[in-house]
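Just so we're aligned: 179 in the UniProt record's numbering is position 179 of the sequence shown, and the numbers increase by one with no gaps anywhere.
Working notes for the structure below.
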Amino acid sequence: MKICIVTRSVIEGDGQGRANYEIAREALRRGYPVTLVATDVAPDLQQDPRIDWVYIPVERYPTQLLSSLVFSRKSSDWLREHGREFDIVQAYGAVTSVGVDVNTVQFVHSAWMKSPSHISRVRRDLYGVYQWLYTALNAYWEKRAFDRSRSIVAVSGKIKGDLLDIGVRSEKIRVILNGADLDQFSPGERDRRALGLPPDVPLALFVGDIRTNRKNLDTVLRALVGVPDLHLAVGGSIAGSPYPALAERLGVSDRVHFLDFRRDVADLMKAADLFVFPSRYEACTLVLLEAMASGLPAITAISAGGSEIVTPDCGVVLTDSEDVGALTRAMAELARDPERRERMGRRAREIAEQHSWTGKARDYVDLFEELAKC
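Here's what the structure looks like:
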């Protein structure tokens with residue numbers, strides 16, 4: 001079976017890229033040659049003689065919209081010429097306009113477009129207009145891509161629901177959640193002082209893009225006002241973020257530790273007592289799985305894809321991501337009860353162990369083999 005994967009990234013240190021990396025490794029393990037139509041590929045895959053890398057250069061384009069357009073056009077041209085050489089072609093969303101066998105859906109732009117928290121409804125400036133255009137075009141392109149795909153993989157139950165809402169037939173959809181690196185993200189301890197964090201206080205952790213409102217740090221900060229003994233570590237790029245100023249206005253800046261963009265997220269998780277991530281829209285929250293793998297009780301929201309694996313014995317799932325009172329209560333209860341945190345953290349790890357990247361890659365290649373026989 002010859003496999004072609006069309007995607008922007010096939011590298012370990014990237015969410016979607018990590019999934020692609022693991023799928024490619026599993027296909028090679030089963031003896032299948034793999035062609036990667038991509039911009040970034042991990043060095044070890046580049047050096048593997050069984051990998052054929054078709055490089056699609058888009059780095060010089062100044063916006064995500066332009067680079068997406070160029071990637072789609074170039075990958076489509078290549079597939080029209082070479083696509084029949086493969087038994088299985090897998091793609092992601094609207095990265096190509098050519099019909100494929102498996103389309104993995106990490107985000108449904110039409111669902112995000114309807115959210116009252118969409119950036120275009122929050123920012124009435126040029127950036128807001130750009131975000132509206134970017135989302136609207138992607139919603140149109142991805143619906144066409146889904147219609148042209150033999151099989152659709154949704155990375156969470158939430159994404160499956162979003163797909164059904166836009167008319168994708170249920171029988172086309174499989175759900176394969178994202179995974180976690182269970183070795184990198186595992187329970188343990190880290191010296192908080194070495195990480196720039198205070199010792200001997202209850203510490204919550206939030207990790208995500210804090211330049212826009214989608215990850216919902218603003219609600220977390222407002223909830224923190226009502227939990228005076230709890231500190232919050234925030235991992236995410238500070239440049240252009242409105243949230244340090246919001247923490248000042250709310251009077252919690254002495255308890256909020258903005259750490260900027262960090263590559264040592266696994267260490268931050270080992271140093272924390274609980275994880276809080278009530279995102280307003282998420283496909284399948286990698287960072288949530290990683291926190292659970294690290295043995296942290298998790299507070300999230302039903303609007304975050306992947307929240308379906310958070311059970312009451314390992315965390316809290318808010319029915320409304322905007323409910324400051326409910327979030328305050330959840331944070332306060334965990335902040336004051338270390339024994340409960342420990343119990344929930346152990347259960348979180350047990351659940352995360354069912355979602356390794358290795359297992360997810362096996363699920364994908366099993367699907368490839370099934371479709372190749374049809």
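Yeah, the Cβ is synthetic: ideal placement off N, Cα and C, and Gly gets one too.
Span separating the alpha-carbon of residue i from that of residue j
i           : j      : result
Asp40       : Ser68  : 14 Å
Ser284      : Ala301 : Here the sequence assigns Cys to residue 284, which means Ser is not the residue at that position. Between Cys284 and Ala301, the C-alpha separation is close to 12 Å.
Leu163      : Val108 : 7 Å
Asp165      : Lys114 : 12 Å
Ser303      : Thr104 : 19 Å
residue 375 : Val324 : With the chain represented from 1 up to 374, any question about residue 375 goes unanswered, as that position is not in the structure.
Ser186      : Arg347 : 13 Å
Ala247      : Ile210 : 13 Å
Val207      : His257 : 12 Å
Ile11       : Tyr134 : 25 Å
Pro202      : Lys2   : 52 Å
Glu369      : Asp183 : 28 Å
Pro228      : Val129 : 38 Å
Gly83       : Pro62  : 29 Å
Ala91       : Glu339 : 45 Å
Terminal residues of the beta strand (DSSP E) in which residue i lies
i      : result
His109 : Looking at the DSSP string, His109 is not in any beta strand (DSSP E); the run it does join, the alpha helix (DSSP H), is 109–114.
Ser149 : Element bounds for Ser149: n/a, residue is neither H nor E.
Thr219 : Unbroken run through Thr219 is the alpha helix (DSSP H), 217–224; no beta strand (DSSP E).
Phe71  : Phe71 -> not in any beta strand (DSSP E); alpha helix (DSSP H) instead, spanning 64–82.
Residue from the options whose Cα sits closest to the Cα of residue i
i      : options                       : result
Glu322 : Arg329, Pro62, Val220         : Val220
Phe86  : Ile119, Asp52, Arg73          : Asp52
Asn178 : Gly161, Leu195, Val153        : Val153
Ala271 : Ala239, Ala194, Arg211        : Ala194
Leu137 : Val168, His231, Asn216, Leu66 : Leu66
Ser237 : Leu217, Gly305, Gly188        : Leu217
Arg50  : Arg29, Tyr61, Val70           : Arg29
Val155 : Thr7, Glu282, Cys314          : Glu282
Ile351 : Ala298, Gln64, Glu26          : Ala298
Gly13  : Arg329, His82, Ser241, Ala42  : Ala42
Terminal residues of the alpha helix (DSSP H) in which residue i lies
i      : result
Gly345 : 338–352
Arg18  : 15–29
Arg174 : Unbroken run through Arg174 is the beta strand (DSSP E), 173–175; no alpha helix (DSSP H).
Heavy atom of the ligand PLP within 7 Å of residue i beta-carbon
i     : result
Ala94 : As far as ligands go, the structure on display features none, and thus does not contain the ligand PLP.
Beta-ladder partner(s) of residue i, from DSSP
i      : result
Gln90  : Ile5, Val102
Ser356 : Ala180
Thr311 : For Thr311, which the question treats as bridged, DSSP gives no partner whatsoever.
Thr35  : Cys4, Asp52
Thr212 : Per DSSP, none; premise fails for Thr212.
**OP:** Could you tell me whether the segment 9–27 touches the segment 358–368, where touching means 3 or more Cβ pairs closer than 8 Å?
**Re:** Result yes; three or more Cβ-Cβ pairs closer than 8 Å.
**OP:** Assess, as a yes-or-no matter, whether the segment 287–298 is touched by the segment 261–274 under the definition of 3 or more beta carbon pairs within less than 8 Å.
**Re:** Counting Cβ pairs under 8 Å, three or more are found: they touch.
Subject >> Three CB pairs or more closer than 8 Å across the segment 242–259 and the segment 306–320 >> reply: Short answer: they don't touch.
**OP:** Would you be able to state if there are at least three C-beta pairs under 8 Å between the segment 138–145 and the segment 78–90?
**Re:** Not touching, per the Cβ criterion.
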